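Peer 1: Residue numbers (the numbering used here): 106 to 180.
In this text, a Cβ means the ideal position worked out from N, Cα and C, and glycines have one as well.
In this text, all values refer to a predicted model and were calculated from it rather than measured experimentally.
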C-alpha cells in the first residue's frame with residue numbers, strides 16, 4: 106500500500122529517468138520509430154495540421170530554436 110503518494114510519485118519519476126538514461130541509441134531510435142508509426146499518431150489530436158511541429162511542442166521541444174540554428178546540436 107502506498108502511504109505517501111508524493112514520495113511514491115517522486116521515486117517513480119526518478120526510476121523512469123534512470124531507465125531512460127540506460128537506453129542505448131538503438132533502443133531510443135526504435136522507441137521513437139515505434140511511436141511515430143503507431144496508431145497513437147493516427148489517434149492523436151493536434152492543435153494544428155502540422156503534426157511534426159505539434160508533436161515537438163507536446164514533447165517540450167522547441168522546434169523553432171532548432172530550425173533557426175540549422176538543427177545542429179549544442180556544443
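(1) Distance check for residue 136 and residue 148, CA to CA, integer angstroms please.
(2) Based on Cα-Cα distance, which residue from 110, 161 and 121 lies nearest to residue 140?
(3) Give me the Cα-Cα distance between residue 167 and residue 108, rounded to the nearest whole angstrom.
(4) How is the alpha helix (DSSP H) around residue 107 delimited, first residue to last?
Peer 2: For this structure:
(1) In the chain shown, counting from the first residue as 1, residue 148 sits at position 43. In the chain shown, counting from the first residue as 1, residue 136 sits at position 31. Computed Cα separation, rounded: 18 angstroms.
(2) Residue 140 sits at position 35 when you count from the first residue of the chain shown. With distances taken between Cα atoms, residue 140 lies closest to 161.
(3) Against the chain shown, residue 167 aligns to sequence position 62. Against the chain shown, residue 108 aligns to sequence position 3. Cα to Cα, the separation comes out at about 38 angstroms.
(4) The residue you call residue 107 lines up with position 2 of the chain shown. Counting along the chain, residue 107 falls outside any alpha helix (DSSP H), and DSSP gives it neither H nor E.
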